[in-house]
Structures are given as structure tokens and as C-alpha cells.
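Participant: One structure coming up, written as C-alpha cells, with questions to follow.
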Amino acid sequence: MQILIVEDEKKMVGVLRRGLLEEGYAVDIAYDGEEALRKVYVNEYDLIILDLMIPKIDGITVLKRIRSADTNVPIIILTAKSSFEDRVKGLDEGADDYLTKPFSYAELTARIRALFRRGKRADAPILSIDNLTLDPAAHIVKRGSKIINTTSREFALLEYFMRNQNKVLTESKILEHVWDFNYQGLSNVVATYIRYLRKKLKSSPKDKELIHTIRGVGYIMKV
């Protein structure tokens, strides 16, 4: 599952990003309304966490433009405690839920899970390349007819690759979206997880290699 956080408070972004990444979600960040709309127009997200008080283009306007693009991506709005009218307006403009600041991370994740349960809909796109399929809603990966078991981190990494087929992804970009961008672990964590994935995805000798190394640059998923 890919989540977009639209928030200009960097401390808040750090807390949300780390928590969501630990739970296996892929995370993208936008620090203002313009950046949020650019990302929404070129990427597919499973959920958006949208603060209303953001620079350049305010959250209500961002919400209206997203809905006018005829997308039903679930959106949780974040609001100041006193802004009752903003909460009502946000829900009227198409937000699916709201939280008032300050809020507990546990409450946010509970609301995210509830939206995903509600949103396990037939139109949730199954990602595919060659004979590999990934179902974001059911959390199932298959190569041909064989189910491939993955950890939550492997699933998030594979989903990020499959959403960005035929694009070169740098190690820093992968770390930013699949791990905390301040990740302090081993420097070869990306290469290690890609090695795990390659081994799991090669379910038979006839299966094509799908994740390729671009030496000195990064990785690409292609047939």
C-alpha cells in the first residue's frame, strides 16, 4: 500500500513516516499543496493523509482538486483543534475521515486500517509485470499460479518497483519510499532486500529476471 503524507511540519512528517514504514506501507511526502498535486497527478496512492494548513495551496483546495480529478482515493484530513468549520468543510468536499491535532499515532493507524477495510473494493488495481502479480488489497504476490510469501518490507519494496516499472530507481529514492530516509542500518540494506526478492521471485528456472541492476545508478524493474 502506498500512502502520501501532505504535511509541512517536518517533525510530524518524521513520526508518521517512521511509523507507517515500520508497518510495511510505502510512503511518499509532499510539504506543500503544489507538490502534493504534482505527485497525485503522476502517481497512484492507496491513501492520502492531508493537513489543511499547508503552504502554497491550502488543504481544502488540494482536496477539491483531487476529487475533481474523479479519483476516489481515501483521504484523511488533519486539522487544528479549534477548526470545526474546516472539519465540516473537508468532509463535505470529499474527505473520508479527519483527525484533530494533537492525535495519537495509534488512533491514526486504526482509522487507516478501517478505511482500507472499507476500501477493499473490486476496483483496487492488481499490479502485474510478465507473469508476476501483486494484489495490494489482499497482500498477495503470485508468480504464475504460485503464491510467493514475503515479509511486509519485501512486499512494500516489490510494490514500489511494480508501481514504477521501466523507471530507474536510485538507492536513496528506494530508502526514502520504503525505509525511513534517515535509516541508520547497514549501508547495503537495499541490495540485501533486492537479493531476497530476486531469489523469491525466481520460482522456476524459466522465470525471467525482473529487477535489474544499473551499475553505479540504481535498479530498474522491466521484462
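Numbering-wise (our numbering), the sequence shown opens with residue 317 and increments by one.
In this text, a Cβ means the ideal position worked out from N, Cα and C, and glycines have one as well.
Hey, how far is the Cα of residue 438 from the Cα of residue 535?
Facilitator: Low local confidence applies: a pLDDT of 49 at residue 438 is under 50, so the model's placement there is unreliable, with the coordinate-based value given in what follows. The alpha-carbon atoms of residue 438 and residue 535 are separated by roughly 31 Å.
Participant: Suppose the cutoff is 6 Å on Cβ atoms and the five residues either side in sequence are ignored; what does the same chain contact list for residue 332 look like?
Facilitator: 321
Participant: Need the endpoints of the alpha helix (DSSP H) that residue 341 sits in, please.
Facilitator: Premise fails: residue 341 is in no alpha helix (DSSP H) and is neither H nor E.
Participant: When you compare the CB positions of residue 357 and residue 324, do they come within less than 8 Å of one another, or not?
Facilitator: no
Participant: Taking the alpha-carbon positions, what's the residue 477 to residue 463 distance?
Facilitator: 18 Å
Participant: Would residue 317 pass as a contact of residue 367 if the rule is Cβ separation under 8 Å?
Facilitator: The beta carbons of residue 317 and residue 367 sit no closer together than 8 Å.
Participant: Whose C-alpha, out of 403, 537 and 425, is nearest the C-alpha of residue 319?
Facilitator: With respect to the C-alpha of residue 319, the residue from 403, 537 and 425 having the closest C-alpha is 425.
Participant: Measure the C-alpha to C-alpha separation of residue 353 and residue 378 and round it to an integer number of angstroms.
Facilitator: Within the model, the alpha-carbon separation for residue 353 versus residue 378 is close to 7 Å.
Participant: Can you list, in chain order, the residues of its chain whose CB lies under 6 Å from that of residue 341, leaving out five sequence neighbours each side?
Facilitator: 317 and 319
Participant: Which residue from 344, 527, 518 and 338 puts its Cα closest to that of residue 493?
Facilitator: 344
Participant: Can you tell which of 360, 420 and 444 has the C-alpha that lies nearest to the C-alpha of residue 388?
Facilitator: 360
Participant: Output the distance between the C-alpha atoms of residue 370 and residue 433, rounded to the nearest integer angstrom.
Facilitator: 28 Å
Participant: Mind checking residue 442: buried by the 16 CB within 10 Å criterion, or exposed?
Facilitator: exposed
Participant: Per DSSP, what kind of secondary structure is residue 335 in: helix, strand or coil?
Facilitator: helix
Participant: Specify the secondary structure class of residue 534 as computed by DSSP and reduced to three states.
Facilitator: Residue 534 sits in a strand when the DSSP states are folded into three classes.
Participant: Sort 431, 473, 365 and 327 by Cα distance to residue 338 and report the nearest one.
Facilitator: 473
Participant: Between which residues of its own chain and residue 487 is the CB-CB distance below 7 Å, once the five residues before and five after are set aside?
Facilitator: So the qualifying residues of the chain are 506 and 534.
Participant: In whole angstroms, what separates the C-alpha of residue 427 from that of residue 479?
Facilitator: 25 Å
Participant: Curious, which full-length alpha helix (DSSP H) runs of at least 4 residues does the segment 420 to 507 contain?
Facilitator: Counting whole runs of 4 or more residues, the segment 420 to 507 contains the alpha helix (DSSP H) stretches 421 to 434, 468 to 479 and 487 to 494.
Participant: Please work out which residues of its chain come closer than 8 Å, Cβ to Cβ, to residue 539, disregarding the five sequence neighbours upstream and downstream, and give them in chain order.
Facilitator: 445, 446, 524 and 526
Participant: Residues bridged to residue 394 by DSSP?
Facilitator: Its beta-bridge partners are 367 and 415.
Participant: Alpha carbon to alpha carbon, what distance is there between residue 414 and residue 408?
Facilitator: When the Cα atoms are used, residue 408 and residue 414 turn out to be separated by approximately 12 Å.
Participant: Look up residue 527 in the DSSP assignment and give the residues it is bridged to.
Facilitator: Partner(s): 537.
Participant: On a CA-only basis, which of 516, 458 and 528 is nearest residue 482? Give me that one, please.
Facilitator: Checked all of 516, 458 and 528; the closest Cα to residue 482 is 528.
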